[in-house]
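In my numbering, the protein residues as written are 50 to 168.
No residue lacks a Cβ here, since even glycine has one placed at the ideal position from N, Cα and C.
This is the structure:
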């Protein structure tokens with residue numbers, strides 16, 4: 050262990066940096082996971098607010114003031130992107146698949162030239 054002298058001249062024993070990091074990691078194992086249940090419970094309301102045109106910041110501000118969400122804005126944004134953003138990506142992929150096979154013919158390039166077209 051490292052020994053340090055505090056402002057009063059006393060010798061204080063402190064743990065090494067690695068020991069302090071390990072202790073912190075043990076105490077804060079699930080920092081991000083502790084906010085997930087509250088987020089999942091509010092997910093339908095958050096999705097609706099986003100559909101209504103509210104920003105993630107505005108939604109977080111209200112939920113944070115009401116103490117329904119206790120995480121930081123950065124973490125809230127991460128949760129939105131992970132759990133709601135994925136739904137949007139999946140829906141847009143499905144919509145793209147439907148529009149691709151809608152029966153309308155688009156432009157098709159034919160590299161072979163036919164003599165009738167040249168005349």
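Round the Cβ separation of residue i and residue j to the nearest angstrom and send it over; I've been treating them as touching at under 8 Å.
i: residue 124; j: residue 84; result: 6 Å
Taking Cβ to Cβ, would you say residue i is nearer than 9 Å to residue j?
i: residue 92; j: residue 118; result: no
i: residue 129; j: residue 99; result: yes
When you compare only the Cα positions, how much space is there between residue i and residue j?
i: residue 113; j: residue 131; result: 19 Å
i: residue 104; j: residue 75; result: 35 Å
i: residue 102; j: residue 89; result: 20 Å
i: residue 127; j: residue 95; result: 13 Å
i: residue 120; j: residue 86; result: 12 Å
i: residue 115; j: residue 156; result: 54 Å
i: residue 122; j: residue 106; result: 7 Å
i: residue 64; j: residue 97; result: 49 Å
i: residue 111; j: residue 160; result: 59 Å
i: residue 67; j: residue 73; result: 10 Å
Taking the beta carbon of residue i as the centre, do at least 16 other beta carbons fall within 10 Å, making it buried, or is it exposed?
i: residue 108; result: buried
i: residue 82; result: exposed
Which of the three DSSP states is assigned to residue i in this structure?
i: residue 104; result: coil
i: residue 51; result: Low local confidence applies: a pLDDT of 49 at residue 51 is under 50, so the model's placement there is unreliable, with the coordinate-based value given in what follows. In the structure shown, residue 51 sits in a strand (DSSP, three-state: E or B).
i: residue 162; result: coil
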